[in-house]
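Novice: Pasting a structure below so you can have a look.
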Amino acid sequence: MNTKSAWTLKAQEQPLIIAGPCSAETEEQVLATAHQLKDAGVDIFRAGSWKPRTRPGSFEGVGQQGLAWLQRVQQETGLRVATEVANTLHVEQCLQHGIDVLWVGARTTANPFAVQEIADALKGTGIPVLVKNPVNPDINLWLGAIERLEKAGIKQVGAIHRGISPLGKSVYRNNPEWSMPMTLKELRPDLLLINDPSHIAGNRQLLAGIAETALALRMDGLMIETHITPETAWSDADQQITPQTLQELLAKLSGRPLTTDTKAGADLNDMRHSIDYIDEQLIDLLSYRMQVAAEIGHYKAQHNLTVFQENRWAQLLEKHTSLALSKNLNEEFVTQLFDRIHQESVRRQQRVLPLIPARA
Ligand code: PEP
Ligand code: MN
0 MNTKSAWTLK AQEQPLIIAG PCSAETEEQV LATAHQLKDA GVDIFRAGSW KPRTRPGSFE
60 GVGQQGLAWL QRVQQETGLR VATEVANTLH VEQCLQHGID VLWVGARTTA NPFAVQEIAD
120 ALKGTGIPVL VKNPVNPDIN LWLGAIERLE KAGIKQVGAI HRGISPLGKS VYRNNPEWSM
180 PMTLKELRPD LLLINDPSHI AGNRQLLAGI AETALALRMD GLMIETHITP ETAWSDADQQ
240 ITPQTLQELL AKLSGRPLTT DTKAGADLND MRHSIDYIDE QLIDLLSYRM QVAAEIGHYK
300 AQHNLTVFQE NRWAQLLEKH TSLALSKNLN EEFVTQLFDR IHQESVRRQQ RVLPLIPARA
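Sequential numbering from 0 applies to the sequence shown in numbering that gives the first Met the number 0.
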């Protein structure tokens with residue numbers, strides 16, 4: 000893939016590897032990273048010049064000057080270069096600087112007005128564009144952004160799966176929701192589909208597992224944030240790896256299919272993730288319940304009320320059991336569960352005011 004004449008953004012035998020820093024910070028950092036990546040099996044060098052930061056006050060990119068550094072990368076290493084665009088001005092400046100590939104970021108994909116503006120600015124150009132999935136789990140918004148670019152005459156449009164913002168706590172920065180890229184693959188098998196484990200993981204530890212899953216699901220490539228000194232990166236420091244680590248990671252990836260049915264593999268992964276998420280929610284709720292119980296304990300102590308109130312407990316249990324039955328839960332299971340929860344609540348309240356022994 001290193002000869003410019005053969006330039007098509009199609010799935011290759013080998014996964015397409017896009018690597019480079021989250022942000023172009025300085026000319027030295029960009030060039031040093033690119034030189035180290037040149038022989039690491041990388042096809043396209045990435046660096047963000049305009050950074051869509053969630054909150055103001057963080058580093059928002061070096062802007063147009065980053066494009067000149069990317070041109071030096073092209074000249075000195077022969078690598079193709081890619082950067083993120085979010086509006087007409089970005090597109091125009093990238094075209095002027097001969098950037099090889101553009102990508103639309105997750106926050107921009109979520110905004111059809113912005114995507115249309117980019118599509119209009121790209122009319123008549125042959126530049127390949129990769130579209131990240133939106134931050135919310137809306138496959139149509141993703142597909143819609145791809146279609147807007149295609150309608151503008153862009154022949155080489157690809158997709159990047161970067162996960163979605165979690166609702167609650169998650170081990171991931173962005174939950175992978177593997178069924179989303181797999182559905183896109185079913186709907187549009189012709190599209191190049193790349194995985195971005197960096198923005199899914201949000202840290203270096205989870206990176207390799209996500210990359211492995213993506214290849215097992217037969218995605219066409221990976222975009223991995225790489226920096227000469229990741230710990231001092233101006234953005235996304237926790238998730239970037241050195242070119243050396245990238246090389247080791249790529250060497251270890253087997254690309255072995257997850258199961259013979261890749262859709263089933265994706266679904267299984269998502270279901271496991273949902274279970275983890277639900278368990279975390281259960282723990283949060285239990286902890287909250289115990290705090291409230293302790294507060295009630297204080298109130299009872301102040302007002303000289305008994306900790307265990309038989310009538311109230313009988314009513315609660317009856318209410319919970321019938322609700323649980325209506326939701327297909329086993330009566331004995333629910334009764335035992337609530338009995339344990341109740342015992343623990345009483346134990347907490349007794350710490351505040353030990354009046355009556357806990358219910359056995
Ligand atoms: C990025 O690739 O640096 C980036 C900002 O990604 P995303 O749009 O996926 O958050
Ligand atoms: Mn980033």
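Glycine is no exception: its CB is placed at the ideal position from the N, C-alpha and C atoms.
Does the distance between the C-beta of D235 and the nearest non-hydrogen atom of ligand 2 fall short of 7 Å?
Specialist: Checking every heavy atom of ligand 2 against the Cβ of D235, one is found closer than 7 Å.
Novice: Output the boundary residues of the beta strand (DSSP E) element that contains F44.
Specialist: Counting along the chain, the beta strand (DSSP E) containing F44 begins and ends at 43-45.
Novice: Count the C-beta pairs between the region 195-204 and the region 237-249 that are closer than 8 Å, then say yes if the count reaches three, no if not.
Specialist: At 8 Å Cβ cutoff, the stretches touch.
Novice: Give every residue whose Cβ lies closer than 5 Å to any heavy atom of ligand 1, listed in chain order.
Specialist: Here the list is C21, G47, G104, A105, K131, R161, H198.
Novice: Could you have a look at I274 and say whether DSSP puts it in helix, strand or coil?
Specialist: Residue state, collapsed to three classes: helix.
Novice: Taking the continuous alpha helix (DSSP H) assigned at G383, which residues delimit it?
Specialist: Because the chain spans 0 through 359 in this model, residue 383 falls outside it and cannot be assessed.
Novice: Could you tell me how far apart the beta carbons of A105 and P133 are, in whole angstroms, since I believe they sit closer than 8 Å?
Specialist: Right, the Cβ-Cβ distance comes to about 6 Å (below 8 Å), so this counts as a contact.
Novice: May I ask you to report which of helix, strand or coil DSSP gives W102?
Specialist: In this structure, W102 counts as strand in the three-state DSSP scheme.
Novice: How is R187 classed by DSSP in three states: helix, strand or coil?
Specialist: Correct three-state label for R187: coil.
Novice: Can V80 and I98 be called in contact, C-beta distance under 8 Å?
Specialist: Going by C-beta atoms, V80 is nearer than 8 Å to I98.
Novice: Per the contact definition of three or more C-beta pairs closer than 8 Å, is the region 156-173 in contact with the region 114-126?
Specialist: Contact between the region 114-126 and the region 156-173 is absent, because fewer than three Cβ pairs lie under 8 Å.
Novice: Considering only heavy atoms of ligand 2, does any lie closer than 7 Å to the CB of E224?
Specialist: Checking the Cβ of E224 against ligand 2 gives yes.
Novice: Which residue wins for smallest C-alpha separation from T228, given the options H319, I277, Q243, L216?
Specialist: Nearest option by C-alpha distance: Q243.
Novice: Where does V291 fall in DSSP's three states?
Specialist: If DSSP states are grouped into helix, strand and coil, V291 belongs with the helices.
Novice: For S169, which of helix, strand or coil comes out of DSSP?
Specialist: S169 falls in the coil class under three-state DSSP.
Novice: Go ahead and label V291 buried or exposed: buried means 16 or more other beta carbons lie within 10 angstroms of its beta carbon, across all protein chains shown.
Specialist: Answer is exposed; the Cβ neighbour count stays below 16.
Novice: With the cut-off set at 8 Å, would you say F58 and S234 are in Cβ contact?
Specialist: Contact: yes.
Novice: Could you check the C-alpha separation between L365 and K131 for me, to the nearest Å?
Specialist: It is not possible to answer for residue 365, since the shown part of the chain is limited to 0 through 359.
Novice: Would you call the region 218-228 and the region 10-30 touching, i.e. three or more CB-CB distances under 8 Å?
Specialist: As far as the Cβ criterion goes, the region 218-228 touches the region 10-30, which means the pair count is three or higher.
Novice: Would G296 be called buried (16 or more neighbouring beta carbons within 10 Å of its own) or exposed?
Specialist: When all chains shown are included, G296 counts as buried.
Novice: Going by DSSP in three states, I340 sits in which element: helix, strand or coil?
Specialist: I340: helix per DSSP, three-state reduction.
Novice: Answer with buried or exposed for M42, where buried requires no fewer than 16 other C-beta atoms within 10 angstroms of its C-beta.
Specialist: Sequence inspection shows Asp at residue 42; the Met mentioned does not correspond to that position. Buried, since its Cβ has 16 or more Cβ neighbours within 10 Å.
Novice: Give the straight-line distance between the Cα atoms of Q342 and R311, rounded to the nearest whole angstrom.
Specialist: If you take the alpha carbons of Q342 and R311, they lie about 14 Å apart.
Novice: Is the distance from the Cβ of E211 to the Cβ of L252 below 8 Å?
Specialist: It is a contact, given that the beta carbons lie within the stated cut-off.
Novice: Please list the terminal residues of the continuous beta strand (DSSP E) segment that includes A81.
Specialist: Counting along the chain, the beta strand (DSSP E) containing A81 begins and ends at 79-84.
Novice: Are the region 71-86 and the region 26-36 touching by the rule of at least three beta carbon pairs closer than 8 Å?
Specialist: Judged by Cβ distances under 8 Å, the region 71-86 makes contact with the region 26-36, as three or more pairs qualify.
Novice: Just to confirm my understanding: we take L248, look at its own chain, exclude 5 residues before and 5 after, and list those with CB closer than 8 Å. What are they?
Specialist: So the qualifying residues of the chain are L206, A207, A210, I223, I240.
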